[in-house]
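Each remark here refers to the structure printed beneath this line.
Residue numbers (this note's numbering): 2 to 219.
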């Protein structure tokens, strides 16, 4: 479990790949290829892709998505990139850790794994017990943030604060990473506009201190 200070470990994020056939979808796939080219050029090994699925849940929808996931994984493999699919708490399909694992595992694709985001883990239907049931090899990236005094149903990205400063129980996640000897990167995603106004060096120090308090090693 590493924080990788000063190293580019992941690019966030790509969306729009799974929408219904349209000009917007075609544009998203073109942008996706361009991002893969850029990441290969500057040495970023992982691209985070949103599981922004819409539509009525059905086995047909899942199978169609698996076809798209396989296509995305094959394209990423051409560039030597791995894709960390980030489940979205309010998506109609794949909105939790175990569902996404169940969708990805049968594909057995080396370039397809999961981005575990604590915000979506906490605000969606995932549970701490799910961590032990998710295949460790599927976990490609981890993003930590926190929420303070906010109903889960009303929480938005702009409510994210530094990990350890709010109400999300992050210890089970960190303990799971340590127990499974997770070797990937751990990043912090805080979209609170007030935090974003901090000078970069000051923000970096605050993020580092937050991760150290949680026991995330550099």
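Note that beta-carbon positions come from the ideal geometry of N, C-alpha and C, so glycine has one too. Model, not experiment: these values are computed from the prediction.
| Query | Result |
| --- | --- |
| Span of the beta strand (DSSP E), counted from its first residue to its last, around residue 116 | 113 to 118 |
| Same chain only: Cβ atoms within 8 angstroms of residue 1, ignoring 5 sequence neighbours per side | Outside the displayed span of the chain (2 to 219) sits residue 1, for which this structure offers no information. |
| Residue 144 - DSSP class collapsed to helix/strand/coil | strand |
| Short Cβ contact (8 angstroms threshold) for residue 134 with residue 80 | no |
| Cβ-Cβ distance between residue 126 and residue 102 below 8 angstroms | no |
| Contact under 8 angstroms by Cβ, residue 296 with residue 169 | For the chain, the structure presents residues 2 to 219; residue 296 sits outside this window and is missing. |
| Burial state of residue 144 (16 or more Cβ within 10 Å) | buried |
| Whole-angstrom distance between residue 68 and residue 11, CA atom to CA atom | 24 angstroms |
| Per-residue DSSP class, three states only, for residue 174 | helix |
| Identified DSSP bridge partners for residue 71 | Paired residues: none, contrary to the question. |
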